[in-house]
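Position 134 of the sequence shown, counting from 1, maps to 750 under our numbering, and the rest follow consecutively.
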Amino acid sequence: MRRIQYCRGFWPRQTTIQAVAAMEQQLERFLDKILFGDGCWFWTAAKSKEGYGTAWWNGRPASAHRLMHELFVGPITGDGKSDQICVCHKCDQPSCVKPTHLFLGSHSDNMIDMYAKGRGNRPTGDKHHARLIPGKVAGGRNGRASVSEEDIRAIRYLSRNKCWSRKQIREYLFLSIGDSQMSRIILGRHWQGVE
């Protein structure tokens, strides 16, 4: 078994010899579930649906990467004022538990890191999938569109020039869209390519 230095603050100071032996045995079982390598150390046992390792520690379920951080780096503590403290991955591998690949940050820090590395599921601007795929069907040509380009022009005309309410426009054009969608169309947030 590989020798690893663990964080001494994690273990209780006053324990019996049997308790220390039980903790070391538990630690050995925990470490047996890790595939050690030159790069990442991968958790090989149970994983969450997101791919993060899960383990039992002191009779409770725990995230393997959070437990690894507590065991070998230090306690996970926050200032109590900001977001929940997350254990983030430098390597972007959810099943990695290597202590040098883990760092503490708030949920906001984790989201900023995710988008900076291009892992966000909602790209905007020039990175949006509708702009990256040539020939992508958008607007009224999309089969899932609930309104046509003519409807968009009519909605904007009736709203701006005739000062009709959203309800009046909906009834006049026989549309089945909600107020929020109607507002986005009128304000130009949706269907920006139609004038």
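Note that CB positions come from ideal geometry on N, CA and C, so glycine has one too.
Selection from the options that minimises the alpha carbon distance to residue i
i, options, result
"residue 715", "703, 723 and 721", "703"
"residue 645", "674, 666 and 655", "674"
"residue 647", "782, 787 and 672", "672"
"residue 668", "661, 711 and 654", "711"
"residue 776", "802, 783 and 792", "802"
"residue 708", "720, 729 and 693", "729"
"residue 806", "771, 706 and 689", "771"
"residue 657", "632, 693, 638 and 717", "717"
"residue 693", "706, 719 and 705", "719"
"residue 762", "784, 791 and 653", "791"
"residue 764", "653, 809 and 639", "809"
Inter-residue spacing [alpha-carbon to alpha-carbon] between residue i and residue j
i, j, result
"residue 713", "residue 670", "11 Å"
"residue 767", "residue 701", "48 Å"
"residue 723", "residue 681", "16 Å"
"residue 734", "residue 787", "43 Å"
"residue 813", "residue 659", "Since the first residue shown for the chain is 617 and the last is 811, residue 813 is missing from the structure and cannot be characterised."
"residue 617", "residue 663", "Here the model assigns residue 617 a pLDDT of 42, short of 50, so the residue's position is not dependable, and the following value carries that caveat. Residue 617 and residue 663: Cα-Cα distance of roughly 23 Å."
"residue 686", "residue 804", "50 Å"
"residue 634", "residue 676", "20 Å"
"residue 813", "residue 666", "What is shown of the chain runs 617 to 811, which leaves residue 813 out entirely."
"residue 684", "residue 650", "11 Å"
"residue 643", "residue 721", "25 Å"
"residue 789", "residue 798", "12 Å"
"residue 769", "residue 655", "57 Å"
"residue 731", "residue 779", "41 Å"
"residue 760", "residue 800", "17 Å"
"residue 636", "residue 688", "17 Å"
"residue 795", "residue 782", "7 Å"
"residue 811", "residue 793", "19 Å"
"residue 653", "residue 632", "34 Å"
"residue 641", "residue 706", "29 Å"
"residue 661", "residue 638", "21 Å"
"residue 773", "residue 784", "13 Å"
Identity of the residues DSSP links to residue i by a beta bridge
i, result
"residue 660", "In the DSSP output, where bridge partners are listed per residue, residue 660 has none listed."
"residue 704", "719"
"residue 779", "Beta-bridge pairing links residue 779 to no other residue."
"residue 770", "The partner list for residue 770 (beta bridge, DSSP) is empty, contrary to what the question assumes."
"residue 691", "DSSP, once it has assigned bridges, lists no residue as partnering residue 691."
"residue 670", "679"
"residue 650", "659"
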